[in-house]
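The sequence shown begins at 91 in this note's numbering and counts up one residue at a time. Below is one structure, written out as structure tokens; the observations come after it.
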Amino acid sequence: MSFKDRVVIVTGAAKGIGRVIAKRYCDEKANVIIVDIDYESGKKCLEMLTSSGNKAEFFEVDVSKSEDIDSFMQKVEQRYGRVDVLINNAGISVWKPPEELMVDAEPHSEAYAASKGGIIALTQTLAASYAKDHIRVNCISPGWIQTQDYDQLREIDHLQHFSQRVGKPDDIASACIYLTHGSNDFILGTNLVIDGGMTKKMMYRE
Numbered sequence: 091m092s093f094k095d096r097v098v099i100v101t102g103a104a105k106g107i108g109r110v111i112a113k114r115y116c117d118e119k120a121n122v123i124i125v126d127i128d129y130e131s132g133k134k135c136l137e138m139l140t141s142s143g144n145k146a147e148f149f150e151v152d153v154s155k156s157e158d159i160d161s162f163m164q165k166v167e168q169r170y171g172r173v174d175v176l177i178n179n180a181g182i183s184v185w186k187p188p189e190e191l192m193v194d195a196e197p198h199s200e201a202y203a204a205s206k207g208g209i210i211a212l213t214q215t216l217a218a219s220y221a222k223d224h225i226r227v228n229c230i231s232p233g234w235i236q237t238q239d240y241d242q243l244r245e246i247d248h249l250q251h252f253s254q255r256v257g258k259p260d261d262i263a264s265a266c267i268y269l270t271h272g273s274n275d276f277i278l279g280t281n282l283v284i285d286g287g288m289t290k291k292m293m294y295r296e
């Protein structure tokens with residue numbers, strides 16, 4: 091199965107990882123629906139995608155509001171009649187420089203750990219519930235993914251990974267393509283950790 095003319099929704103697609111994921115599916119000739127709460131950034135992303143002749147559409151949606159989601163999905167149903175791939179990338183974060191993040195991450199990550207644990211558990215239960223309908227549900231846990239100023243990273247930042255480099259958004263996009271490809275129908279309820287081996291190394295330096 092190719093992604094040509096498949097209907098792909100990517101939430102949180104205006105910037106960062108989501109933007110790169112949307113671009114990758116466009117490269118695969120999919121019909122990409124980009125979703126974001128940031129209207130201006132969403133329109134810029136849409137212009138970037140469609141300027142190359144790709145099929146894409148932007149919807150301004152606040153995914154924290156059920157009424158926004160209901161309205162959006164009704165429009166998708168009317169326009170496309172189906173959804174083939176859903177990448178639920180939207181989220182919230184508090185940005186800190188890497189040096190502060192590495193110091194604070196372990197003692198102050200309770201909220202993230204709890205929410206991530208919930209997502210992983212939900213992934214497993216959804217996979218079990220919808221497998222009979224041939225709907226596959228998987229989860230991706232990104233490690234350190236640098237979305238900008240990659241060339242400003244220090245050598246020590248890269249060496250903290252078994253891969254000898256910090257991650258890039260394209261690493262996550264590649265995983266999305268892999269997990270959602272039709273030939274990978276034996277992968278369900280899985281949490282795929284993409285971190286260059288950093289969490290296995292367990293040695294973090296400021």
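Every residue, glycine too, gets a C-beta built ideally from N, C-alpha and C. None of these values were measured; they are calculated from a predicted model.
Closest by C-alpha distance to residue i, when choosing among the options
{"i": "Q236", "options": "V110, I127, E137", "result": "V110"}
{"i": "D128", "options": "E147, K105, D117", "result": "K105"}
{"i": "I262", "options": "A211, W234, I210", "result": "W234"}
{"i": "F93", "options": "G102, D126, S131, N144", "result": "N144"}
{"i": "A218", "options": "I99, L278, S273, A146", "result": "L278"}
{"i": "K206", "options": "G272, I225, K222, N179", "result": "N179"}
{"i": "L282", "options": "K133, L269, D247, S273", "result": "L269"}
{"i": "Q238", "options": "I107, D95, V100", "result": "I107"}
{"i": "A265", "options": "T280, D160, L249", "result": "T280"}
{"i": "Y115", "options": "K290, S154, A146, S141", "result": "A146"}
{"i": "G132", "options": "S141, E150, S142", "result": "E150"}
{"i": "I225", "options": "E245, Y240, N274", "result": "N274"}
{"i": "F276", "options": "A221, T215, Q168", "result": "A221"}
{"i": "D260", "options": "F252, I159, Q250, Y240", "result": "Y240"}
{"i": "F148", "options": "S154, D95, D160, V166", "result": "V166"}
{"i": "F252", "options": "S161, E130, K290, S156", "result": "K290"}
Own chain, CB closer than 7 Å to residue i, minus 5 neighbours either side, in chain order
{"i": "L191", "result": "Confidence at L191 is low in this model, with a pLDDT of 47, below 50, so its placement is unreliable and the value that follows should be read with caution. Excluding sequence neighbours, L191 sits near nothing in its chain."}
{"i": "L249", "result": "none"}
Span of the beta strand (DSSP E) around residue i
{"i": "V122", "result": "121 to 126"}
{"i": "T215", "result": "No beta strand (DSSP E) contains T215, which is instead part of the alpha helix (DSSP H) from 200 to 220."}
{"i": "F148", "result": "146 to 150"}
{"i": "V97", "result": "97 to 101"}
{"i": "V175", "result": "175 to 177"}
Residue range of the unbroken alpha helix (DSSP H) whose run includes residue i
{"i": "V110", "result": "106 to 117"}
{"i": "V166", "result": "156 to 170"}
{"i": "G132", "result": "129 to 140"}
Spatial neighbours of residue i in its chain, beta-carbon cut-off 8 Å, leaving aside the 5 residues before and after
{"i": "W185", "result": "In this prediction, W185 scores a pLDDT of 48, lower than 50, which makes its location untrustworthy; no coordinate-derived value is stated."}
Close-in-space but distant-in-sequence residues of the same chain around residue i (CB under 6 Å, 5 per side omitted)
{"i": "A112", "result": "V100, A103, V122, I124"}
{"i": "L243", "result": "V256"}
{"i": "Q214", "result": "G279"}
Segment contact flag, the region 113 to 133 with the region 159 to 178, C-beta cutoff 8 Å, min 3 pairs: yes
Runs of alpha helix (DSSP H) wholly within the region 223 to 254 (minimum 4 residues, chain order): 245 to 249
Touch test, the region 282 to 291 against the region 255 to 262, Cβ-Cβ under 8 Å, three pairs minimum: yes
Runs of beta strand (DSSP E) lying entirely within the region 260 to 291, each at least 3 residues, in chain order: 281 to 284
Segment contact, 8 Å Cβ cut-off, at least three pairs: the region 136 to 156 with the region 201 to 209: no
Touching by the beta-carbon criterion (3+ pairs, under 8 Å), the region 224 to 231 and the region 204 to 214: yes
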